[in-house]
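When we follow UniProt numbering, the leftmost residue of the sequence shown carries the number 1, and every step to the right adds one. All remarks here apply to the structure that follows.
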Amino acid sequence: MQQTENKKSEGRFSSELFGWGESLMAVLVFFVVVFTFFVRLIGVDGMSMYPTLEDHSIMLVSNLNYTPERGDVVVLRKEGFYNNQPIVKRIIATGGDTVDIDPVTGDVSVNGEVLDEPYINETIDVLEHMGDLTYPQTVPEGCVFVMGDNRNASTDSRDSRLGMVDERYILGHVQSVVFPISDFGTVK
């Protein structure tokens, strides 16, 4: 009788263990599918997006049904630029828009309107950080013009090495910061 009870107890234990294993496997598969097809976690490398994003922040990025729009913070990768690593920038203009940078004040305008940019760290130091492009520049269809929020510490579309970025190079739209916890929240 004692042996029968021990076998029943062992059977329940292994059954519970198997159940926990199945549950753990289902959760793991769920996360793999979500992080493969819907969202990614990507780290920030550098201060080009300060104060919006800080070095070593981790962001949740999605490209699901995404259409680039002015003001969006995106992650992109352009072959041959920044060792083919993903970079984070803000979309300033999309296809058909004309970008101009005032050579005296450093103000950025799109289609003749000076942008209201409360998110930037400081205006462009026009003596050192105008880049090697001449202005105004019209963004080709299917491309975007991107800049970092820390304008004087950002290599962006003002530099011909990056220039206008084909929309196909956009890995996704930054949804939120997930680390550090103190910065947790959506990115604007």
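Ideal Cβ positions, reconstructed from N, Cα and C, are used throughout, including at glycine.
Of the residues the options, the one placed nearest residue i, counting alpha carbons only
i    : options                : result
S62  : D55, H56, D72          : D72
R158 : V174, T134, Y169       : T134
S118 : P136, G112, R90        : According to the sequence displayed, residue 118 carries Pro and not Ser. Among P136, G112, R90, the Cα nearest to that of P118 belongs to R90.
V88  : D45, S176, S23, G19    : D45
T98  : V74, V144, I120        : V144
K78  : D156, I181, K188, Q175 : D156
T67  : P180, R168, T186       : R168
Q137 : I120, V110, S154       : V110
V139 : L24, E22, I92          : I92
V174 : E22, G131, L64         : L64
Within 8 Å, strictly: CB atoms of residue i and residue j
i    : j    : result
R151 : H129 : yes
V178 : L76  : no
G80  : E141 : no
R40  : G172 : yes
E69  : D183 : no
T123 : D107 : yes
V165 : V146 : yes
V74  : I170 : yes
D116 : Y50  : no
V187 : T52  : yes
A153 : S57  : no
I120 : P86  : no
Reduced DSSP category for residue i - H, G, I as helix; E, B as strand; rest coil
i    : result
R168 : helix
I120 : coil
S109 : strand
G43  : strand
T23  : Strictly speaking, residue 23 in this sequence is Ser, with Thr absent from that position. Three-state result, S23: helix.
V126 : coil
S176 : strand
V187 : coil
L28  : helix
S154 : coil
S57  : coil
Identity of the residues DSSP links to residue i by a beta bridge
i    : result
L76  : I87, I170
D100 : S109
F145 : A93
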